[in-house]
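Participant:
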Amino acid sequence: MYHLAREVIDVGDVVASVGDSSAGATATFIGMTRDHNGGRVVRFLEYEAYGGMAEQEMERIGREAADRWPICKIAIVHRTGLVPIGEASVAIAVSAAHRAEAFAACRFAIDRLKERVPIWKKEHFEGGEVWIGHAGGTPGRDPQHVPGDARTDHGELSRG
Amino acid sequence: MKVRVRFFAALREHVDRAEVVWELGPQQTVGDLWDALQNAFPGLGGLSGHVAFAVNQEYVDSAHCLHDNDEVAIIPPVSGGSSHVPSGA
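Going down the list, the sequences are from chains G and U.
4 is the number of the first residue of the first sequence in the working numbering; add one for each residue after it.
584 is the number of the first residue of the second sequence in the working numbering; add one for each residue after it.
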């Protein structure tokens, strides 16, 4: 399952889609919209995707994960449009015979998604709005503050 | 030849449109197109080096040769300002 979702992501559906009789483990990652970022109070988030290419890149990530680890199935679903605080912006589920490869492939999938899937996030905060230079909504990890990351200087493209 | 150029997110707002049809001479590359677009839309000028390109929904580098009716996407940073073709493309 690789798709963009205009409405609330049903995480149960995403997990069910990787069900497999040979799987002993399913690992999941849920990116949530949070109410603060860099000292700003966030009102809601907006995701824009390049439809077609985004799903194609998700499929590529699934193939890459399957090449690296003996997984059974993988599903990636990303929300688009306006997303209220506290909802899932992205859900990834990976099933495998054992947990180690399920966890590893799930981590790989969200990291790759943020590198190359053409989906953009606009943060609407109190007093303004800004496009953030990465996709997804990983709690607790802000790529703009990754030490030693030369890209941090232009993590945001301010409007106007 | 003509190509369809698509803009997303911050770039779409900078140029105030989601796409344009662009006429080019023969044997032009993505880099040539990007130079022409920056001349036509001054709002893009400061973003050089911060964007990636896709042709027909596949990442390419700026030396990629264009063909008639290609769909070219100008891809603003999707991960903290990546300025190059994502690895594995």
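Glycine included, every Cβ here is placed at the ideal spot set by N, Cα and C.
List the DSSP bridge partners of valine 167 of chain G.
Facilitator: This structure does not reach residue 167 of chain G, given that chain G is present from 4 up to 163, and the question cannot be answered.
Participant: Skipping 5 residues on each side, what residues in its chain have a beta carbon closer than 7 Å to that of valine 598 of chain U?
Facilitator: Within the same chain, valine 598 of chain U has close Cβ partners Phe590, Phe624, Gly626 and Leu627.
Participant: Who does glycine 121 of chain G pair with in a DSSP beta bridge?
Facilitator: Note that residue 121 of chain G corresponds to proline in the displayed sequence, not to glycine. BP columns for proline 121 of chain G are empty, so no partner.
Participant: So, does the CB of tryptophan 123 of chain G fall closer than 9 Å to a CB anywhere in chain U?
Facilitator: Chain U, which has a Cβ nearer than 9 Å to the Cβ of tryptophan 123 of chain G, makes this yes.
Participant: Given this structure, state the Cα-to-Cα distance separating lysine 76 of chain G from glutamine 621 of chain U, to the nearest angstrom.
Facilitator: Going by the C-alpha atoms only, they are around 43 Å apart.
Participant: Alpha carbon to alpha carbon, how far is alanine 125 of chain G from alanine 28 of chain G?
Facilitator: For clarity, residue 125 of chain G is lysine in the given sequence; the question names alanine instead. Lysine 125 of chain G and alanine 28 of chain G: Cα-Cα distance of roughly 34 Å.
Participant: Based on Cα-Cα distance, which residue from G:Met61, G:Asp16, G:Pro73 and G:Phe111 lies nearest to serine 25 of chain G?
Facilitator: Per the Cα distances, G:Pro73.
Participant: Within the 9 Å Cβ cut-off, does phenylalanine 636 of chain U reach chain G?
Facilitator: No, phenylalanine 636 of chain U does not count as interfacial toward chain G.
Participant: Could you spell out where the beta strand (DSSP E) holding isoleucine 77 of chain G opens and where it closes?
Facilitator: First-last of the beta strand (DSSP E) with isoleucine 77 of chain G: 74-82.
Participant: Please identify the residue among G:Arg110, G:Val133, G:Ile122 and G:Val86 whose C-alpha is closest to the C-alpha of alanine 52 of chain G.
Facilitator: Closest by alpha carbon: G:Ile122.
Participant: Of all the CB atoms in chain G, is at least one closer than 9 Å to the CB of phenylalanine 591 of chain U?
Facilitator: Yes, phenylalanine 591 of chain U counts as interfacial toward chain G.
Participant: How would you write the range of the beta strand (DSSP E) that arginine 66 of chain G sits in, first residue to last?
Facilitator: Arginine 66 of chain G -> not in any beta strand (DSSP E); alpha helix (DSSP H) instead, spanning 56-71.
Participant: Using a Cβ-Cβ distance under 9 Å, would glutamate 51 of chain G count as near chain U?
Facilitator: By this cut-off, glutamate 51 of chain G is an interface position.
Participant: In the DSSP assignment, find the alpha helix (DSSP H) that holds glycine 614 of chain U and state where it starts and stops.
Facilitator: That run of the alpha helix (DSSP H) goes 613-623.
Participant: Please report the distance separating the alpha-carbon of threonine 612 of chain U from that of leucine 649 of chain U.
Facilitator: Roughly 5 Å separates the two Cα atoms.
Participant: I need the straight-line Cα distance from alanine 94 of chain G to leucine 594 of chain U, nearest angstrom please.
Facilitator: When rounded, the distance between both Cα atoms is 27 Å.
Participant: Could you work out which residue in G:Leu116, G:Met61 and G:Phe47 is closest to proline 87 of chain G when comparing CA atoms only?
Facilitator: Of the listed residues, the one whose Cα sits closest to proline 87 of chain G is G:Phe47.
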